[in-house]
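> In our numbering, the protein residues as written are 1049 to 1596.
Just so it is clear, CB atoms sit at the ideal spot from N, CA and C, and this is done for glycine as well.
Note that the structure is predicted; figures quoted are calculated from it, not measured.
Given below as structure tokens:
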């Protein structure tokens, strides 16, 4: 079949070579020759086509059969499409379908709106239930839970900025929230008035830790403060208290150098603990005892004074209901408070002076590991500085400041055992504050020495270990002799970890300095001698942890 697709060049059928010349037309013989040759070529092509068709008769038969089937199916499809078009034109299904679709859209829109309304209704009911819960909680005195609920509602009802889109019922809920807030504010402010009140005549500030709200007892003060903070009225609630505190407490103390004392009263009625802050007028120093041992005799005077006033009341010379006539017994009671306040100042001043005057130098016989530090027959100045650690089998050299500080603390706690609970509590705080002075003064005073390899760092490290272990033993040593009301209040163990951490910090700083110096010696030989000598002097010090 290639002959059908090959082109015929007419020039090949002519004998004239200049056929391309347009000026030379074909002659009659050339035209006859061309016609004859074209006819021969046509006969040849027909013959070849006939032979090809005969040789591929089966394939052409199959092809024509398939074409016939396709034509038949096309006619059937045309007939079906025609029937469908006729059916559609007779029955307008598309109109009915569109109507159904539109109805479905409307129903879906209605369902969506109803769901939104139902959701809004659920939110409104939930908010209403929370407001009802707040009112009930306020009635039963659970103000903390009510305050938390009010704070959550505030974010929804009050601070929401989409006011234009809110329904009218939200305005009603907002008004109800405002009523609950005002009621809560009134209750909390009333509680603060009952918790803190001032007596100008006696220069006293009373503080109650457990309050009552609308007949419900046992409401703690910190619960009231949490509720005030939750609803955002802390500043407003404490403004009046702060103003009165400045007027009746701060100004008298600053102006007249008055003595302040806090009395802790355990109420037997079950209302918890009440604290009274009293501002006492200055007393004659000559009338105040100067030794704790003399307070026992002075207590007899106080008792006699109280009995004398009781007798005057029985004789109707003094009114039994008038506290103003009890000035003599109150003055006698306040004498021991003045004594405790003065002794506290003296103890802290003495501890501060000892710490500031200390030089933190090792004794001459304490610079070698195998020196006379182990000898119990040394001079007293050196033996006092070699101490045994309470909870380990080791000994170490401490500074004179640490030794004197612990002697002062022990002496103060011995005075606690001889004093009343009111005086003993002041002495106890004096002992704690004296120990804290070491932590506050020494690291700052010897900051430069701690940044170098120095004997002062060794002594500070030893002091902190010594003080931490002595502190752990204080309560075991003196608690049994403390006044009964103080035994549950006295705590020293919380101070021990602070000194242990300080000792570890000093040790780590010294180790880093030693490592740095050893590296300098290794890479700079010209500095070997002085640095090795300095390190030798340091590590010959009698410090067990550093030696390890």
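Going by CA-CA distance only, name the one from 1546, 1263, 1563 that's closest to residue 1189.
Ranking 1546, 1263, 1563 by Cα distance to residue 1189 puts 1263 first.
> Counting pairs of beta carbons, one from the segment 1460-1473 and one from the segment 1530-1541, are three or more of them closer than 8 angstroms?
yes
> Do the segment 1552-1565 and the segment 1501-1515 make contact, defined as three or more Cβ pairs closer than 8 angstroms?
Under the three-pair Cβ rule at 8 angstroms, the segment 1552-1565 counts as touching the segment 1501-1515.
> Is residue 1266 helix, strand or coil when you go by DSSP?
strand
> May I ask you to report which of helix, strand or coil DSSP gives residue 1104?
coil
> Does the beta-carbon of residue 1393 have 16 or more other beta-carbons within 10 angstroms, so that it is buried, or is it exposed?
exposed
> State the start and end residues of the unbroken alpha helix (DSSP H) segment that holds residue 1253.
Note, residue 1253: premise wrong, no alpha helix (DSSP H); beta strand (DSSP E) at 1252-1256.
> Evaluate residue 1519 with the Cβ neighbour count: other Cβ atoms within 10 Å of its Cβ, from every protein chain shown; 16 or more gives buried, anything less gives exposed.
Around the CB of residue 1519, 16 or more other CB atoms lie within 10 Å, so the residue is classed as buried.
> Give me the DSSP bridge partner(s) of residue 1436.
1443
> Taking only runs that begin and end inside the segment 1467-1497, name each unbroken alpha helix (DSSP H) of 4 or more residues, in chain order.
1469-1493
> Cβ of residue 1449 within 7 angstroms of Cβ of residue 1389?
no
> Tell me the DSSP secondary structure of residue 1247 in three-state form.
strand
> Just to confirm the assignment, what range does the alpha helix (DSSP H) spanning residue 1505 have?
1503-1526
> So what does DSSP say about residue 1109, is it helix, strand or coil?
helix
> Give me the residue from 1079, 1298, 1205 with the minimum Cα distance to residue 1598.
A question about residue 1598 goes unanswered here, because the residues of the chain that appear run from 1049 up to 1596.
> State buried or exposed for residue 1130, treating a residue as buried only when at least 16 other CB atoms are found within 10 Å of its CB.
exposed
> Hey, how far is the Cα of residue 1473 from the Cα of residue 1451?
24 angstroms
> Please tell me whether residue 1182 and residue 1197 are closer than 7 angstroms, where the distance is taken between their beta carbons.
yes
> Residue 1116 by DSSP, collapsed to three states: which one?
helix
> Within the same chain, show all residues whose beta-carbon is closer than 6 angstroms to that of residue 1435, passing over the 5 residues directly before and after it, in chain order.
1446, 1514
> Can you name, in chain order, every residue of its own chain whose Cβ lies under 7 angstroms from the Cβ of residue 1266, other than the five neighbours on each side?
Counting only Cβ-Cβ distances below 7 angstroms, and skipping sequence neighbours, we find 1258.
> Can you tell me whether residue 1439 is buried or exposed? The criterion is at least 16 other CB atoms within 10 Å of its CB, across all chains shown.
exposed
> According to DSSP, residue 1261 sits in a beta bridge with which residue or residues?
In the DSSP output, where bridge partners are listed per residue, residue 1261 has 1264.
> Cα separation between residue 1237 and residue 1285?
6 angstroms
> Would you tell me roughly how many angstroms separate the C-alpha atoms of residue 1147 and residue 1154, rounded to the nearest one?
11 angstroms
> Excluding the 5 residues flanking residue 1579 on each side, which residues of the same chain have their C-beta closer than 7 angstroms to its C-beta?
Note that residue 1579 scores a pLDDT of 44, beneath 50, so its modelled location is shaky and nothing firm can be said.
> Alpha carbon to alpha carbon, how far is residue 1506 from residue 1493?
15 angstroms
> Between which two residues does the alpha helix (DSSP H) harbouring residue 1538 extend?
Segment: none, residue 1538 is in no alpha helix (DSSP H) and carries neither H nor E.
> What do you get for residue 1115, buried or exposed, if any count of 16 or more other CB atoms within 10 angstroms of its CB means buried?
When all chains shown are included, residue 1115 counts as exposed.
> So, are the CB atoms of residue 1403 and residue 1517 less than 7 angstroms apart?
no
> Looking at residue 1232 and residue 1279, is the spacing between their C-beta atoms short of 7 angstroms?
yes
> Looking at the structure shown, is residue 1320 part of a helix, part of a strand, or coil, going by DSSP?
Because the pLDDT at residue 1320 is just 49, under 50, the model does not fix this residue reliably, and the value given afterwards should be weighed accordingly. DSSP places residue 1320 in coil when its eight states are reduced to three.
> Where residue 1400 and residue 1179 are concerned, what is the direct C-alpha to C-alpha distance, given to the nearest angstrom?
Linking residue 1400 to residue 1179 through their CA atoms gives a straight-line distance of about 58 angstroms.
> Within 10 angstroms of the Cβ of residue 1133, are there 16 or more other Cβ atoms? Answer buried if so, exposed if not.
It is exposed - the Cβ of residue 1133 has fewer than 16 other Cβ atoms within 10 Å.
> Looking at the unbroken alpha helix (DSSP H) that takes in residue 1204, where does it start and where does it end?
1191-1205
> Shortest alpha-carbon distance to residue 1173 belongs to which of 1385, 1534, 1217?
Selected option, being the one with the closest Cα: 1217.
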